[in-house]
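Taking our numbering, the leading residue of the sequence shown gets 9, the next gets one more, and so forth.
Presented below is the structure to which this report refers.
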Amino acid sequence: MRRALIVMLVLIVGYGVVAMACTSILVGKDASVDGSTMVTHTCDGSYDARLQVIPGGVHEEGETVSIYKGLCQAGIPGRTVQYVGEIPQVPETYTYFHTGYPFMNEHQVIIGETTWSGERALRNSQGWMTIEQLQVLGLQRGKTAREVIQIMGELAEKYGYGDGGEGLTVIDGDEAWLFEICGPGPFWSPGSEEPGAVWVAQRIPDDHVLVHANRSRIGEIDLENTDYFMASPNVYSTAQELELWDGQEPFLFYAAYGPKNAFYNTRREWRVLDLLAPSLELDPWAERYPLSVKPDKKVSAQDLMMIKRDHYEGTEFDLTVGLAAGPFGNPNRYATPASARPEGINYDGWERAISMFRCSYVIVGQARNWMPDAIGGVVWFGEDAPHSTVYIPFYAGATSVPESFSQGARDFFDRSSAWWAFNHVSNLADLRYNVAIEIIKEEYTKFETEFLANQPLIEKVALDLYAENPEAAIDFITNYSNGLANRVVDRWWKLADELIYTLNDGYVDGKTVGYPTWWLEAVGYGDTTAR
């Protein structure tokens, strides 16, 4: 009966949630080549890609913080940011990097994100908190991954969570955690003594890796093992009250709050785990995979950069081959509205790659406990699609980013915006993908090879400076990163101009190339009525 009432409320109220999907990877410190804890995030959809450093500060008693919904899509045409209210400010806040989904603070806590939506019966529009607002507050107030998770969980419980089911992959220099959260259901209201959110967090072993791809991943939980688990006090009771768990079967968080087995999600999980632990010979058609696994070999930041560029190349699901890829091996597959799908297909029938053309930005983050936080935390940030971007290192202690990264309109072509430089190149590549991507690959490889090779020397200089004068070290790393970013953006605008010529009118550098024979045969080349 209660379940029927919940369904009725959901149908009446609606509870719309914007969720376009992302992929995140966690790497424990003993699973990485250098001892760093690592995390990734692809922000796959129309989200705010403007990057800003928001300073921390000391605050007076009585100060408040404004709470908003829709921060992740600020500046996106057709989207609005909604003011919700005020909550008390804390005595001190920390500097953090703000974008659609804020990702790093000055204490080298770094966060990735992925939406899993969950049961509609969990939605509650009265909740103040969204996932990106929790990220802002957690990064401003927490010094460790564990502390940030506790802060986000407590705020969601107190003020209510009004978003769809979400997962955050949270690291510091020592630990790697998966945090999953959803609403409390339609009966909660502000001021209630009951928690306004359901959440759980699980730490992965230090020698393991994890992938999160738009579905809940946490299963069995052991709340007595506080080294590895945290949760809201209602994690079991809400599932029973909303008739999502009978209280008899073993409790699995994902089964209760976010059951989902679509290949849209599972294929990416398989691909990441298969790339990092091929010896497991995981079945690409399985419905569930281990939450985390030990990789066959230690993982580097560069490994993660390349995984984020993946389209299942070399597998039976390779998106660069076959008729759907067209004559030029284009892996991009546009979403198909239900009205245009063949009869009987009630889902989006394309394979879903890790690297998406509609990605707003991508990060690969490293937290290193043997360095001062300002230098130990580094996020390799790339605007737009992973397969056509350049990963640029930004350090946790940085005080600014180039203006081209912090500004830019999305409702017109804006040459003052770094995002548009990368998006422009990515879209030009669609003209003849197999030719353009090799040119792009050569360019990003030059930059990333240089940046990775110089990283030890740059950080040694920064560490030496830090020992004598921390402010000088922070200026050094800020100027270093900003110099790289400006170089890359300048080159990417020039690359776009070069591609306009290279791919003009179907030619390649002015030469006729035409179409591959296999494709001509497949589309019936020559089968015309002409005589």
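Each residue gets a CB set at the ideal place from its N, CA and C atoms; glycine is no exception.
Bridge pairing for S287: absent [DSSP]. With fewer than 16 other beta carbons inside 10 angstroms of its own, S74 counts as exposed. In the three-state DSSP reduction, H106 falls in the strand class (E or B). In terms of CA proximity to T138, G170 leads the group G170, D422, R211. In the three-state scheme derived from DSSP, where H, G and I count as helix and E and B as strand, T323 is classed as coil.
Around the beta carbon of I353, fewer than 16 other beta carbons sit within 10 angstroms, so the residue counts as exposed. In the structure shown, Q143 adopts helical secondary structure according to DSSP, grouped into three states. Each of V329, V144, Q141 was checked against the Cα of W526, and the nearest Cα belongs to V329. In the DSSP assignment, K166 falls within the alpha helix (DSSP H) that extends over 153 to 167.
Straight-line measurement puts the Cα of E321 at about 39 Å from the Cα of V469. Taken atom to atom, the span from the alpha-carbon of H115 to that of L288 is near 36 Å.
Check the Cα spacing between V409 and each of V497, S32, G199, N512: the tightest is with V497.
With fewer than 16 other Cβ atoms inside 10 Å of its own Cβ, W293 counts as exposed. Cβ neighbours of W207 within its own chain (closer than 6 Å, five residues either side excluded): G161, I189, S240. Where P464 is concerned, the enclosing alpha helix (DSSP H) starts and stops at 441 to 476. If you draw a straight line from the Cα of I95 to the Cα of G204, it comes to about 15 Å. Residue pairing from DSSP leaves S408 without any beta-bridge partner.
When rounded, the separation of the alpha-carbon atoms in T520 and S434 is 23 Å. For K519, the secondary structure class from DSSP, reduced to helix, strand or coil, is strand. Counting only runs of 4+ residues, the alpha helix (DSSP H) found wholly inside the segment 348 to 395 occupies 381 to 384, in chain order. Residue state for V433 is assigned as helix, using DSSP reduced to three classes.
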